[in-house]
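**Student:**
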Amino acid sequence: MTVVNRYFDAFNAGDTDAMLDCLTDDVAHHVNEGQIRTGKALFADFCAHMTRCYAENLTDMVVFVNADQTRAAAEYVVNGTYLQTDAGLPQARNQTYKLPAGSFFDLKDGKIARVTTYYNLADWTAQVA
Numbered sequence: 004m005t006v007v008n009r010y011f012d013a014f015n016a017g018d019t020d021a022m023l024d025c026l027t028d029d030v031a032h033h034v035n036e037g038q039i040r041t042g043k044a045l046f047a048d049f050c051a052h053m054t055r056c057y058a059e060n061l062t063d064m065v066v067f068v069n070a071d072q073t074r075a076a077a078e079y080v081v082n083g084t085y086l087q088t089d090a091g092l093p094q095a096r097n098q099t100y101k102l103p104a105g106s107f108f109d110l111k112d113g114k115i116a117r118v119t120t121y122y123n124l125a126d127w128t129a130q131v132a
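Residue numbers 4 to 132, in the numbering used here, belong to the letters of the sequence shown in order.
1) Using DSSP with H/G/I as helix, E/B as strand and the rest coil, what is Leu102?
2) Does DSSP put Val66 in a helix, a strand or coil?
3) For the putative contact between Asn97 and Thr88, defined by C-beta atoms under 8 Å, what is the C-beta separation to the nearest angstrom?
4) Alpha carbon to alpha carbon, how far is Gly91 from Leu102? Give it in angstroms, no decimals.
5) Which class does Ala90 belong to by DSSP, given the choice of helix, strand or coil?
6) Can you give me the start and stop residues for the alpha helix (DSSP H) that Ala31 sits inside?
7) Under a three-way DSSP split, which group does Thr41 fall into?
8) Since Tyr57 sits in a beta bridge, which residues does DSSP pair it with?
9) Could you have a look at Asp71 and say whether DSSP puts it in helix, strand or coil?
10) If contacts are defined as beta-carbon pairs under 8 Å, then Ala77 and Met64 qualify, I think. What distance do you get, rounded to the angstrom?
11) Arg55: buried (16+ other C-beta within 10 angstroms of its C-beta) or exposed?
12) I'd like the span of the alpha helix (DSSP H) that includes Thr2, first residue to last.
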């Protein structure tokens with residue numbers, strides 16, 4: 004099992020500590036909308052925020068890793084519930100959503116050094132509006 008699979012297993016289990024164990028100390032987190040966050044502390048803050056606002060489970064996971072295990076990508080479906088209003092987004096009323104998404108990774112010494120996540124924000128907004 005790759006570190007990427009362990010990362011997503013931890014995500015689906017809601018285990019932020021296990022996700023953090025998969026990351027380098029200086030991980031670069033490129034979110035779909037917003038600034039790059041660097042380091043585990045900011046990644047943990049992001050996870051805490053997401054847990055407050057969203058309940059998500061990822062399905063239909065396909066993970067790709069290059070031959071020298073320095074890069075990886077994953078494609079999946081996000082199945083979620085919008086729990087608490089997130090600043091600048093529509094009001095949360097426990098709306099459910101389902102959308103395709105993907106993540107891209109740099110891998111270093113068996114850990115994730117970069118996480119870049121993509122999903123279609125307009126699609127998500129239309130589903131929860």
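All residues carry an ideal CB built from backbone N, CA and C; glycine is no exception.
**Tutor:** Checking against the coordinates, here is how it stands:
1) strand
2) strand
3) With 8 Å as the limit, Asn97 and Thr88 do not qualify as a contact, their Cβ atoms being about 11 Å apart.
4) Those two C-alpha atoms are separated by around 20 Å.
5) Here Ala90 sits in coil by DSSP.
6) Segment 26-33 is the beta strand (DSSP E) holding Ala31; no alpha helix (DSSP H) there.
7) strand
8) Tyr85
9) coil
10) About 6 Å separates the two Cβ atoms, so the contact holds.
11) It is exposed - the Cβ of Arg55 has fewer than 16 other Cβ atoms within 10 Å.
12) No statement about residue 2 is possible, as the shown extent of the chain runs from 4 to 132 and does not include it.
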